[in-house]
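Asker: Residue numbers (the numbering used here): 78 to 258.
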Ligand SMILES: Cc1cc2nc3c(=O)[nH]c(=O)nc-3n(C[C@H](O)[C@H](O)[C@H](O)COP(=O)(O)O)c2cc1C
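Next comes the structure, spelled out in structure tokens:
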């Protein structure tokens with residue numbers, strides 16, 4: 078199993094959680110870590126290079142901090158361009174069929190905010206549905222997302238165990254898919 082971790086953090090040097098996660102992931106065998114914001118400081122994505130990277134891996138991880146109940150903007154642009162018609166979808170667009178797609182998200186607020194009774198009204202899994210719908214369209218298996226809550230206030234002593242737990246999850250040979258409902 079070859080795993081590709083695509084990291085979308087607009088300011089990794091100021092990050093605490095994602096930076097620690099990336100550093101730990103970069104020590105692993107059979108994992109390619111690609112820091113997308115750093116690869117494209119001008120945000121001009123090399124679509125062919127991204128598609129080639131995706132084709133060479135079996136498990137695709139999208140790692141990002143939760144921004145405005147969604148993804149950082151470059152990830153949206155990356156989807157718009159990389160998941161092209163005739164490549165990722167459409168009658169001949171089968172290049173990602175059968176691969177696994179896993180979201181790994183650091184959520185700033187605590188989990189109690191994300192429920193029908195909570196301040197933000199929706200769960201993070203509900204808010205991530207557009208990516209689940211995308212996964213259905215491109216024919217990937219949508220694995221149960223890895224989410225860490227309270228990331229904005231994570232204690233220093235939690236950073237190391239959090240990175241280790243994240244890596245252990247991503248490297249599990251079997252991760253349950255998330256049902257559509
Ligand atoms: C522009 C911006 C938007 C954010 N939007 C949300 C949000 O909608 N919900 C939330 O829980 N946290 C939000 N946050 C907090 C981030 O999710 C949090 O800072 C991040 O996950 C921490 O990871 P890091 O240490 O790797 O940066 C936002 C932060 C920024 C800078």
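Note that CB positions come from ideal geometry on N, CA and C, so glycine has one too.
Using the three-state DSSP reduction, which class does residue 211 fall into: helix, strand or coil?
Answerer: Along the chain shown, read from residue 1 onward, the residue named residue 211 stands at position 134. In the structure shown, residue 211 sits in a helix (DSSP, three-state: H, G or I).
Asker: I believe residue 179 touches residue 220 by the beta-carbon criterion, under 8 Å. Please report the beta-carbon distance rounded to the nearest angstrom.
Answerer: Counted from its first residue, the chain shown places residue 179 at position 102. Counted from its first residue, the chain shown places residue 220 at position 143. With a Cβ gap of about 4 Å, residue 179 and residue 220 count as contacting.
Asker: DSSP state of residue 255, grouped into three classes?
Answerer: The sequence position of residue 255 within the chain shown is 178, counting from 1. Coil, per DSSP.
Asker: Going by alpha carbons, who is nearest to residue 144 out of 153, 213, 103?
Answerer: Locating residue 144 in the chain shown gives position 67, where the first residue counts as 1. Minimum Cα distance to residue 144 is reached at 153.
Asker: Considering only their Cβ atoms, is the gap separating residue 223 from residue 246 smaller than 8 Å?
Answerer: Start at 1 with the first residue of the chain shown, and residue 246 comes out as number 169. Start at 1 with the first residue of the chain shown, and residue 223 comes out as number 146. For residue 246 and residue 223, yes; Cβs fall inside 8 Å.
Asker: Across which residues does DSSP place residue 182 in a beta bridge pair?
Answerer: Here residue 182 refers to the residue found at position 105 when the chain shown is read from its first residue. Residue 182 pairs with 141, 224.
Asker: How many angstroms separate the CA atom of residue 108 from the CA atom of residue 98?
Answerer: Reading the chain shown from its first residue, position 31 is the one you call residue 108. Reading the chain shown from its first residue, position 21 is the one you call residue 98. Distance between the alpha carbons of residue 108 and residue 98: 13 Å.
Asker: Taking 6 Å as the limit between beta carbons, can you name the residues of its chain near residue 127, skipping five residues before and five after?
Answerer: The residue given as residue 127 occupies position 50 in the chain shown. Excluding sequence neighbours, residue 127 sits near 159.
Asker: Spatial neighbours of residue 218 within its chain, please: C-beta separation below 6 Å, excluding the five flanking residues on both sides.
Answerer: Position 141 of the chain shown, counting from 1, holds the residue named residue 218. If we look at residue 218 and ignore the five residues flanking it on each side, its Cβ neighbours are 177, 254.
Asker: Report, in whole angstroms, the separation of the C-beta atoms of residue 156 and residue 211, which I expect to be a contact under 8 Å.
Answerer: The count along the chain shown starts at 1 and reaches residue 156 at position 79. The count along the chain shown starts at 1 and reaches residue 211 at position 134. Correct: roughly 7 Å between the Cβ atoms.
Asker: Mind checking residue 206: buried by the 16 CB within 10 Å criterion, or exposed?
Answerer: Translated into the one-based positions of the chain shown, residue 206 becomes position 129. Exposed.
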